[in-house]
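>
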Amino acid sequence: MSAPIEIRQLDKRFGATQALDGLDLTVDEGEVHGFLGPNGAGKSTTIRVLLGLLRKDRGEVLLLDGDPWRDAAALHRRLAYVPGDVTLWPNLTGGEVIDLLGRLRGGVDTRRRDELVERFELDPTKRARGYSKGNRQKVALVAALASDVELLLLDEPTSGLDPLMEAVFQDCIDEFKERGRTVLLSSHILAEVERLCDRVSIIRAGRTVERGTLAELRHLTRTSVAAELAGPAADLASLDGVHDLVAEGHRVRFEVDTAALDEAVGVLHRAGVRTLTATPPTLEELFLRHYGDELPQAVEPTST
Amino acid sequence: MTGTGVLVRAFLRRERWPLLWWALGGTLLYWSQAISVKELYSTQAEFDRAATMMESNPALIAMAGPARALNTVGGQVTWQSAAFGAIVVGLMSMFIVGRHTRAEEESGRDELLRAGVVGRRAPMTAALLVAAIANTLVGGLVAVSLISVPLAVADSVALGVGLTLCGLVFTGVALVAAQLTAGTRTMYGLTGLVIAASYALRAVGDVGNEALSWLSPIGWYQQMYAFSGLRWWPALLLASAAFVTVLVAYAVFERRDIGAGVFASRPGPARAHPALRSSWSLAWRLQRGAVIGWSLGLLAAGLAYGSIGNDAGDLMGDSDAAREVMVAAGGDLVDGFFAMAMTILALLASGFAISSALRPRGEEDAGHAEVVLATATSRTRWLLSQVCVTVVGSAVVVGAGGLGLGGAYALVTGDASEIGTFIWQSLTWLPAVLVLAGLTRLLYGLAPRLATLGWLGLAYAVVVLVFAEILRFPERLRSLSPFERLASVPVESFDVGAFAAVLGAATLLSAGGWFAFTRRDVG
Numbered sequence: 001m002s003a004p005i006e007i008r009q010l011d012k013r014f015g016a017t018q019a020l021d022g023l024d025l026t027v028d029e030g031e032v033h034g035f036l037g038p039n040g041a042g043k044s045t046t047i048r049v050l051l052g053l054l055r056k057d058r059g060e061v062l063l064l065d066g067d068p069w070r071d072a073a074a075l076h077r078r079l080a081y082v083p084g085d086v087t088l089w090p091n092l093t094g095g096e097v098i099d100l101l102g103r104l105r106g107g108v109d110t111r112r113r114d115e116l117v118e119r120f121e122l123d124p125t126k127r128a129r130g131y132s133k134g135n136r137q138k139v140a141l142v143a144a145l146a147s148d149v150e151l152l153l154l155d156e157p158t159s160g161l162d163p164l165m166e167a168v169f170q171d172c173i174d175e176f177k178e179r180g181r182t183v184l185l186s187s188h189i190l191a192e193v194e195r196l197c198d199r200v201s202i203i204r205a206g207r208t209v210e211r212g213t214l215a216e217l218r219h220l221t222r223t224s225v226a227a228e229l230a231g232p233a234a235d236l237a238s239l240d241g242v243h244d245l246v247a248e249g250h251r252v253r254f255e256v257d258t259a260a261l262d263e264a265v266g267v268l269h270r271a272g273v274r275t276l277t278a279t280p281p282t283l284e285e286l287f288l289r290h291y292g293d294e295l296p297q298a299v300e301p302t303s304t
Numbered sequence: 305m306t307g308t309g310v311l312v313r314a315f316l317r318r319e320r321w322p323l324l325w326w327a328l329g330g331t332l333l334y335w336s337q338a339i340s341v342k343e344l345y346s347t348q349a350e351f352d353r354a355a356t357m358m359e360s361n362p363a364l365i366a367m368a369g370p371a372r373a374l375n376t377v378g379g380q381v382t383w384q385s386a387a388f389g390a391i392v393v394g395l396m397s398m399f400i401v402g403r404h405t406r407a408e409e410e411s412g413r414d415e416l417l418r419a420g421v422v423g424r425r426a427p428m429t430a431a432l433l434v435a436a437i438a439n440t441l442v443g444g445l446v447a448v449s450l451i452s453v454p455l456a457v458a459d460s461v462a463l464g465v466g467l468t469l470c471g472l473v474f475t476g477v478a479l480v481a482a483q484l485t486a487g488t489r490t491m492y493g494l495t496g497l498v499i500a501a502s503y504a505l506r507a508v509g510d511v512g513n514e515a516l517s518w519l520s521p522i523g524w525y526q527q528m529y530a531f532s533g534l535r536w537w538p539a540l541l542l543a544s545a546a547f548v549t550v551l552v553a554y555a556v557f558e559r560r561d562i563g564a565g566v567f568a569s570r571p572g573p574a575r576a577h578p579a580l581r582s583s584w585s586l587a588w589r590l591q592r593g594a595v596i597g598w599s600l601g602l603l604a605a606g607l608a609y610g611s612i613g614n615d616a617g618d619l620m621g622d623s624d625a626a627r628e629v630m631v632a633a634g635g636d637l638v639d640g641f642f643a644m645a646m647t648i649l650a651l652l653a654s655g656f657a658i659s660s661a662l663r664p665r666g667e668e669d670a671g672h673a674e675v676v677l678a679t680a681t682s683r684t685r686w687l688l689s690q691v692c693v694t695v696v697g698s699a700v701v702v703g704a705g706g707l708g709l710g711g712a713y714a715l716v717t718g719d720a721s722e723i724g725t726f727i728w729q730s731l732t733w734l735p736a737v738l739v740l741a742g743l744t745r746l747l748y749g750l751a752p753r754l755a756t757l758g759w760l761g762l763a764y765a766v767v768v769l770v771f772a773e774i775l776r777f778p779e780r781l782r783s784l785s786p787f788e789r790l791a792s793v794p795v796e797s798f799d800v801g802a803f804a805a806v807l808g809a810a811t812l813l814s815a816g817g818w819f820a821f822t823r824r825d826v827g
């Protein structure tokens with residue numbers, strides 16, 4: 001069996017808009033894969049192609065060893081989906097929706113369903129018309145998590161959840177993963193991504209610009225360094241890979257590419273280090289670099 | 305009321321195309337009558353003869369209105385157009401009000417507006433003003449177009465003013481409905497029911513007990529007697545009714561929360577009923593309200609027509625000329641009446657069929673289709689379950705009309721043995737209803753935004769039914785309407801071949817819709 005999700009060179013066009021432009025994505029079995037990118041990058045479009053709702057223009061898409069367009073119904077028995085903007089039938093109650101969606105997928109584990117309703121503190125007797133966004137989201141989450149599936153496709157599943165429920169969600173994903181199951185998680189909540197994801201793919205304008213583990217991605221970016229030195233460190237300015245250098249007397253602040261870190265520390269060392277703080281890049285910095293308009297020159301996209 | 309002006313402009317902008325079509329359609333309804341009737345009869349004697357025949361046909365009177373001065377162009381225009389014009393402005397007002405009040409609240413968009421510098425009553429007032437503008441536009445165009453024919457100015461203006469006022473009454477009704485219900489669909493259902501009841505009341509009243517016509521706004525409009533001894537005071541009834549309904553709407557609005565109806569929603573079951581387990585039961589669950597509502601409506605309309613059917617012969621009474629024509633056409637008067645009644649009921653039922661065929665589009669627009677299609681439900685199964693509900697539902701709705709006819713007939717004549725026959729005869733019209741649903745499905749399959757054009761099919765069938773005879777449509781145009789293809793039961797005997805052919809056409813259209821749907825993007 002190949003990876004649960006294998007996408008190669010996927011193209012999808014809506015009229016004049018090229019939504020996906022040679023997108024690659026591989027999600028391995030048993031991993032939680034973060035799917036990141038700015039709004040409009042094509043995350044939802046990709047997921048909807050995976051669900052067989054949209055027809056691909058070109059490229060290869062393999063979902064659980066099947067063709068998501070042709071074998072949609074059969075494959076859907078083995079996966080569950082939570083959209084980012086859940087809309088429910090206004091006159092059905094949350095409980096009814098959960099049961100219905102479960103049964104449409106092939107059966108509900110009522111014990112598990114009740115447990116999840118409890119954990120997410122959902123009132124299942126309310127009509128969907130009266131639910132807030134967070135509660136609608138919970139309905140979809142409970143319906144998805146209560147089903148016994150191999151793969152979860154989650155499209156910003158926690159938008160609207162309060163921090164307490166966010167924690168419950170993370171626990172549930174952990175448990176799901178412990179059973180060796182696979183998750184594709186599209187999210188803008190970086191803390192959530194950092195906490196849950198083994199690997200991430202970052203897409204922009206319909207194309208994959210970065211993928212790897214978070215550690216690998218960090219490696220590709222810069223560390224912030226601030227130091228108080230015994231003497232001047234003039235060589236710093238001429239060092240390749242040092243950016244935004246600010247020197248005030250014996251104090252220096254700069255950003256350094258991971259590749260040049262060793263050399264930069266050497267220069268500092270020679271100047272005599274009094275104090276030194278080195279901060280690894282935060283996720284925010286990581287993403288801002290990829291989301292922002294100007295792609296940094298330092299790191300070439302590693303899509304291979 | 306702060307912000308009303310801005311909202312009116314915004315609403316008008318959103319409504320500009322629909323408004324244009326409604327206004328053109330409404331105006332054409334009157335104007336086309338005027339110019340075509342003028343051309344139709346070469347001599348006044350011929351016109352008089354035709355008028356005598358129409359006057360003595362209770363089916364036509366029940367369909368159109370009180371027969372007055374039918375041997376004049378103005379009289380013909382009033383008779384042929386007033387009731388349908390009132391329905392047109394009624395539906396227009398209902399959709400304008402619904403789209404900008406209840407639908408906005410239900411979707412939550414209203415909240416976004418209300419968070420701005422917008423008075424509490426502003427959105428509702430803006431919707432009311434836009435509806436008023438639309439109705440004034442239609443009424444004004446109708447008056448101007450009739451004057452241009454030329455017809456008498458005062459009477460033309462009266463037809464226009466009455467039409468505008470009718471529209472305002474239904475605007476008020478729609479506003480009240482929008483306050484009472486929490487769902488847009490229910491609001492349309494409630495308003496549609498009032499419009500249908502207004503039409504049916506005056507139908508029964510015009511043929512039988514005139515007092516009933518006075519219970520209907522459409523009746524008031526027709527009682528203005530445009531082109532046949534014009535009187536203005538019934539317009540006051542319309543104006544007062546519009547005023548009162550709007551006042552009631554505001555009063556109710558002040559007493560409810562934004563986003564809610566008057567009736568608070570009660571908690572429902574925590575678990576789904578065991579029967580709610582497939583896309584079939586879901587489709588039924590989503591549409592059962594509509595099936596029940598439409599069935600009751602058709603039952604009532606059937607009862608109305610059935611109660612006057614047996615008198616058809618008496619009403620025709622002394623007019624030998626008319627009797628001769630009918631008999632020459634091979635029909636019995638009572639049968640002729642019931643054939644007409646069944647066609648009208650089938651056309652009404654097409655309203656259900658088309659809106660039911662549009663249901664998948666609503667599901668797709670709302671994002672519900674996506675959720676279901678992400679489960680082990682295939683597209684084919686999902687669509688097919690909706691089709692089944694449409695087909696079975698249409699049969700039930702059409703059958704309910706037949707039951708109404710038969711039930712009333714039994715009450716009047718004491719002969720209950722005919723009820724089954726009435727139901728069966730009504731059902732012979734079902735294939736034509738399904739063709740309109742099939743057309744809608746085909747359009748939906750091709751592209752969701754095309755689907756509402758399915759209503760044009762119904763509009764065309766109505767035009768053919770109402771005007772084809774009078775305007776002498778060429779056969780080729782007439783036969784485009786599926787209703788013209790079927791045997792006119794019970795005047796003609798049931799034609800299996802035609803029945804199967806029309807049913808086959810409906811199936812083909814629907815299958816085409818399915819084929820296209822399985823091949824396009826969803827959502």
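Going down the list, the protein sequences come from chains Y and D. Under our numbering, the final residue of the first sequence carries the number 304; numbering is consecutive throughout. Under our numbering, the final residue of the second sequence carries the number 827; numbering is consecutive throughout. Ideal Cβ placement from N, Cα and C applies to all residues, glycine included.
1) Does the separation of the CB atoms of residue 330 of chain D and residue 389 of chain D fall below 8 Å?
2) Below 8 Å on the Cβ atoms is my contact criterion, and I expect residue 705 of chain D with residue 603 of chain D to pass it. Report the Cβ-Cβ distance as a whole number of Å.
3) Given that a residue counts as buried once 16 or more other Cβ atoms are within 10 Å of its Cβ, and exposed if not, what is residue 474 of chain D?
4) Select from the segment 52-68 of chain Y all residues with a C-beta closer than 8 Å to any C-beta belonging to chain D, and list them in chain order.
5) What separation, rounded to the nearest whole angstrom, lies between the Cα atoms of residue 356 of chain D and residue 439 of chain D?
6) Please return the same chain residues whose Cβ sits closer than 6 Å to the Cβ of residue 752 of chain D, not counting the five positions on each side in sequence.
7) Is residue 525 of chain D closer than 8 Å to residue 449 of chain D when the C-beta atoms are compared?
8) CB residue 795 of chain D to CB residue 639 of chain D, shorter than 8 Å?
9) What separation, rounded to the nearest whole angstrom, lies between the Cα atoms of residue 397 of chain D and residue 139 of chain Y?
10) For residue 622 of chain D, count neighbouring Cβ atoms within 10 angstroms of its own Cβ and tell me buried if that reaches 16, exposed if not.
11) Is residue 778 of chain D buried or exposed, if buried means 16 or more other CB atoms sit within 10 Å of its CB?
12) Could you tell me whether the Cβ of residue 825 of chain D comes closer than 8 Å to any Cβ of chain Y?
13) Looking only at its chain, what residues have a beta carbon closer than 7 Å to the beta carbon of residue 816 of chain D, apart from the 5 residues adjacent to it on each side?
14) According to DSSP, is residue 369 of chain D helix, strand or coil?
15) Threshold first: 3 residues or longer. Then list the beta strand (DSSP E) segments lying entirely within the segment 211-242 of chain Y, N to C.
16) Who pairs with residue 80 of chain Y in a beta bridge, going by DSSP?
17) Quick one: using the 10 Å Cβ neighbour count with 16 as the cut-off for buried, is residue 538 of chain D buried or exposed?
18) Using the beta-carbon count (16 or more within 10 Å), is residue 302 of chain Y buried or exposed?
19) Could you name the residues of the segment 652-672 of chain D whose beta carbon sits closer than 8 Å to any beta carbon of chain Y, in the order they occur along the chain?
20) Cβ closer than 7 Å: which chain Y residues qualify as neighbours of residue 674 of chain D?
21) Within 10 angstroms of the Cβ of residue 577 of chain D, are there 16 or more other Cβ atoms? Answer buried if so, exposed if not.
22) What are the partner residues of residue 271 of chain D, as DSSP defines its beta bridges?
23) Tell me which residue opens and which closes the beta strand (DSSP E) that residue 33 of chain Y is part of.
24) Quick check: residue 150 of chain Y and residue 181 of chain Y, are their CB atoms within less than 8 Å of each other?
25) How far does the alpha helix (DSSP H) with residue 349 of chain D in it reach, from first residue to last?
26) If we call anything under 8 Å between Cβ atoms a contact, is residue 31 of chain Y one with residue 199 of chain Y?
27) With a threshold of 16 other CB atoms inside 10 Å of the CB of residue 755 of chain D, please say whether the residue is buried or exposed.
28) What does residue 310 of chain Y reach in chain D if we use C-beta pairs closer than 8 Å?
29) Please go through the same chain and pick out, in chain order, the residues whose beta-carbon is closer than 8 Å to the beta-carbon of residue 91 of chain Y, but skip the five residues on each side of it.
30) Is the separation between the beta-carbon of residue 241 of chain Y and that of residue 271 of chain Y shorter than 8 Å?
31) Just to confirm the assignment: which complete alpha helix (DSSP H) runs, minimum length 4, are found wholly within the segment 400-468 of chain D?
32) Using a Cβ-Cβ cutoff of less than 7 Å, which residues in the same chain neighbour residue 465 of chain D once the five nearest sequence positions on both sides are dropped?
33) Residue 487 of chain D touches chain Y at which residues, Cβ-Cβ below 8 Å?
34) Let me know if residue 50 of chain Y comes out buried or exposed under the rule of 16 or more other beta-carbons within 10 Å of its beta-carbon.
35) Mind pulling the chain Y residues with CB within less than 8 Å of residue 682 of chain D?
36) Measuring alpha carbon to alpha carbon, tell me which of Y/193, Y/124, Y/10 ends up nearest residue 155 of chain Y.
Inspection of the coordinates gives the following:
1) Their beta carbons are under 8 Å apart, which means residue 330 of chain D touches residue 389 of chain D by this criterion.
2) Between residue 603 of chain D and residue 705 of chain D the Cβ distance is about 7 Å, and since that is below 8 Å, they are a contact.
3) By the neighbour-count rule (16 or more Cβ atoms within 10 Å), residue 474 of chain D is buried.
4) The residues in question are 52, 53, 54, 55.
5) Taking the straight line joining both Cα atoms gives about 34 Å.
6) Result list for residue 752 of chain D: 665, 668, in chain order.
7) Taking C-beta atoms as the reference points, residue 449 of chain D and residue 525 of chain D fail to come closer than 8 Å.
8) At a Cβ-Cβ threshold of 8 Å, residue 795 of chain D and residue 639 of chain D count as neighbours.
9) Using only the alpha carbons, I get a separation of about 37 Å.
10) Low per-residue confidence applies at residue 622 of chain D: pLDDT is 47, beneath 50, and the placement is therefore not dependable, though the value from the model is reported in the following sentence. When all chains shown are included, residue 622 of chain D counts as exposed.
11) Flag for residue 778 of chain D reads exposed.
12) Chain Y, which has a Cβ nearer than 8 Å to the Cβ of residue 825 of chain D, makes this yes.
13) Correct list, in chain order: 746, 749.
14) Three-state result, residue 369 of chain D: coil.
15) DSSP runs (the beta strand (DSSP E)) wholly in the segment 211-242 of chain Y: 222-229.
16) Partner(s): Y/152.
17) Here residue 538 of chain D is buried, its C-beta having at least 16 other C-beta atoms within 10 Å.
18) With a pLDDT of 42 at residue 302 of chain Y, under the threshold of 50, the modelled position of this residue cannot be trusted, and the question is left open.
19) Look at the segment 652-672 of chain D: the residues with a C-beta under 8 Å from a C-beta of chain Y are 670, 671, 672.
20) In chain order: 53, 83.
21) Residue environment: residue 577 of chain D is assigned as exposed (fewer than 16 neighbouring CB atoms within 10 Å of its CB, all protein chains considered).
22) A query on residue 271 of chain D cannot be resolved here, the shown segment of chain D reaching from 305 to 827 and no further.
23) Judged by DSSP secondary structure, residue 33 of chain Y falls within the beta strand (DSSP E) whose first and last residues are 32-36.
24) Their beta carbons are under 8 Å apart, which means residue 150 of chain Y touches residue 181 of chain Y by this criterion.
25) Run containing residue 349 of chain D: 348-359, per the alpha helix (DSSP H) assignment.
26) Yes, they are a contact pair.
27) Counting the other Cβ atoms within 10 Å of the Cβ of residue 755 of chain D gives 16 or more, which makes it buried.
28) With chain Y running from 1 to 304 in the structure shown, residue 310 of chain Y is simply not present.
29) Excluding positions up to five away in sequence, the list reads 127, 128, 129.
30) Contact flag unset, no.
31) Counting only runs of at least 4 residues, the segment 400-468 of chain D fully encloses the following alpha helix (DSSP H) elements, listed from N- to C-terminal order: 406-411, 413-418, 426-451.
32) 443, 539.
33) Chain Y residues near residue 487 of chain D: 90, 91, 129.
34) Buried, since its Cβ has 16 or more Cβ neighbours within 10 Å.
35) Near residue 682 of chain D (Cβ distances below 8 Å), the residues of chain Y are 72, 73.
36) If you compare the alpha carbons of Y/193, Y/124, Y/10 with that of residue 155 of chain Y, the shortest gap goes to Y/193.
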